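Residue numbers (UniProt numbering), protein chains in the order written: chain A, 1 to 225; chain B, 1 to 225.
Cβ coordinates follow ideal geometry from the N, Cα and C atoms, glycine included.
Remember, predicted model here, so these are calculated numbers, not experimental data.
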DNA sequence: GTTCTCCAGTCCGTATGCAAGATACAGGAA
DNA sequence: TTCCTGTATCTTGCATACGGACTGGAGAAC
């Protein structure tokens, strides 16, 4: 028998979850904004049940906060949150890279280069959203090739917040995107050469710089966007 | 005003989730067993809605597997699963211990000693279930004091599986519990003395030994418990 | 005896209805 | 004016109803 596999149609819950996730990550909604199950179900053209279930899942990803009998809100990170998230993220990524390098070096390298290309294209087109998306893909590569599903799951659990912070709190600082691109290039080079220590330090610098930028934006209160 | 706070009654979802989690972790159900939303809702005396939501949460913790239109099943780990889980777990715990030691050494130490005491009590009483629970508490201490909520969340995401494996796959090997107790004692000592490298190696040995034991049980197929 | 087909039973996915808690605001008392 | 209080209206929590999809077995055709 040839391998005939049909993909199951997505459930409404999955569709709603994805749509809401994109809306939050792509900054179509403001941080802290109130969401009503009923209003969402109406806007999306489905009943409250799948909306409710999708919101519950998003809560577990930290993208929304559900307060019993009060309402559901887009997450609103504190400075401390962001700090802890960055530390955690560095920890996961450095571990994943380690595994990648020993287990699937070539495949990972190819995928990283692909994502890098997408970033360059987005930069050339001047699309900040596409750049942010490609950036997200770049970091996801580590987990797709690390060979440990638990590591990937853990990352998926925070990747939404990471991606949302990227779009909500990144300010177009002078030369920022260039610095970011340069660091990604350095990471690929270090990875290709197997220089794990260098890779670690670049990644550390990369994430910590992002953290400082986010923290600044949070402090100055320029958080709506 | 005196600080009068009433504790909110837990939602049905939370109650059901906890109950089912306990049932799985404490081996009241067999691995791979079929669960029907309707049967569960009847057995628990609630409607399908909260049961369904609780099952969705348990799926994200890896304790059940939901197959669309077919049914829900208690998770059934493969040997590979267990291996990856152990690697991941070691990674999380070693990181958490590192943070504990630098941030909340005294508090963590006290809590570890408390859990150790509970383990000794359980061992004296010959209660394997209580011992397993105290063991679980011991390892949770690392995350309660590490000061990073994301690290704790990630652990909570797998702690159910870890605990379930402990009860389902642990066989009462000759002298096993003694070895386990000894290793926990060593961990506390190394932690108290601030010997991080030793701590790491003990933890590594501890987790990997558990892994071998689980893998053996899985291979021999003596998995129903 | 083997294989195909049909059907009944069971499961989940979704929609909807009702109850209870939270909030905001208007209106009355001091 | 200020403060309290009752109520209208919002929210979510949970129960229930219905329909589609899947599964397993009985019976017919070969």
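- Chain A places a beta carbon closer than 8 Å to that of residue 11 (chain B), counting this residue as a contact.
- Restricting attention to alpha helix (DSSP H) runs no shorter than 4 residues, the UniProt domain "HTH gntR-type" (10-77) of chain B encloses them at 12-25, 37-44 and 48-60, ordered along the chain.
- Exclusion of the five residues before and after residue 26 (chain A) leaves 129 and 167 as the residues of its chain whose Cβ lies within less than 7 Å of its Cβ.
- For chain B, none of the residues of the region 126-139 of chain A brings a beta carbon within less than 9 Å of one of its beta carbons.
- Within the model, the alpha-carbon separation for residue 104 (chain B) versus residue 145 (chain B) is close to 6 Å.
- Counting only Cβ-Cβ distances below 9 Å, residue 199 (chain B) has no contacts in chain A at all, with the closest Cβ about 17 Å away.
- Every candidate beta strand (DSSP E) stretch fails here, since none sits fully inside the region 146-183 of chain A while reaching 3 residues.
- Rounded to whole angstroms, the Cβ separation of residue 67 (chain B) and residue 215 (chain B) is 26 Å, and the two are not in contact under 8 Å.
- Across the structure, residue 126 (chain B) and residue 179 (chain B) are spaced so that their CA atoms are roughly 15 Å apart.
- The beta carbon of residue 71 (chain A) does not come within 8 Å of any beta carbon belonging to chain B, so the residue lies off that interface.
- By alpha-carbon distance to residue 159 (chain B), the top candidate from B:52, B:218, B:93 and B:192 is B:93.
- Nearest C-alpha to residue 97 (chain A) among A:70, A:10, A:138 and A:171: A:138.
- For residue 127 (chain B), no alpha helix (DSSP H) segment is defined, and its DSSP state is neither H nor E.
- Listed along chain A, the residues sitting closer than 8 Å to residue 157 (chain B) by beta-carbon distance are 153, 154 and 157.
- Within chain A, 8 and 11 have C-beta atoms less than 8 Å from the C-beta of residue 68 (chain B), given in sequence order.
- A Cβ-Cβ contact shorter than 8 Å links residue 116 (chain A) with residue 184 (chain A).
- Using a CB distance cut-off of 8 Å, residue 53 (chain B) counts as an interface residue toward chain A.
- Residue 123 (chain A) carries a helical assignment under DSSP once its states are collapsed to helix, strand and coil.
- In this structure, the CA atom of residue 181 (chain A) is about 25 Å from the CA atom of residue 157 (chain A).
- Excluding sequence positions up to five before and after residue 23 (chain A), its CB lies within less than 6 Å of the CB of 29, all in the same chain and listed in chain order.
- Sequence-distant Cβ neighbours of residue 33 (chain A) in its own chain, meaning closer than 8 Å and more than five residues away, are 73 and 74.
- At a cut-off of 8 Å between C-beta atoms, residue 203 (chain B) does not count as an interface residue with respect to chain A.
- For residue 85 (chain B), the chain A residues whose C-beta falls within less than 8 Å of its own C-beta are 150, listed in chain order.
- Contact of residue 95 (chain A) with chain B is assigned, a C-beta pair being separated by under 8 Å.
- Contact note: residue 91 (chain B) reaches chain A through 95, using a C-beta cutoff of 7 Å and chain order.
- Within 9 Å of the CB of residue 56 (chain A), the CB atoms of chain B belong to 13, 53, 56 and 57, in sequence order along the chain.
- Spatial neighbours of residue 21 (chain B) in its own chain (CB-CB distance under 8 Å, excluding positions within 5 residues in sequence) are listed in chain order as 58, 61, 63 and 160.
- Excluding sequence positions up to five before and after residue 143 (chain A), its CB lies within less than 7 Å of the CB of 96, 151, 152 and 155, all in the same chain and listed in chain order.
- Residue 118 (chain A) is a Cβ neighbour of residue 134 (chain A), given a cutoff of 8 Å.
- The beta-carbon of residue 88 (chain B) is placed less than 8 Å from the nearest beta-carbon of chain A.
- Residue 171 (chain B) is a Cβ neighbour of residue 217 (chain B), given a cutoff of 8 Å.
- Spanning the alpha carbons of residue 196 (chain A) and residue 120 (chain A) requires a straight line of approximately 24 Å.
- For residue 93 (chain B), the enclosing alpha helix (DSSP H) stretches over residues 79-103.
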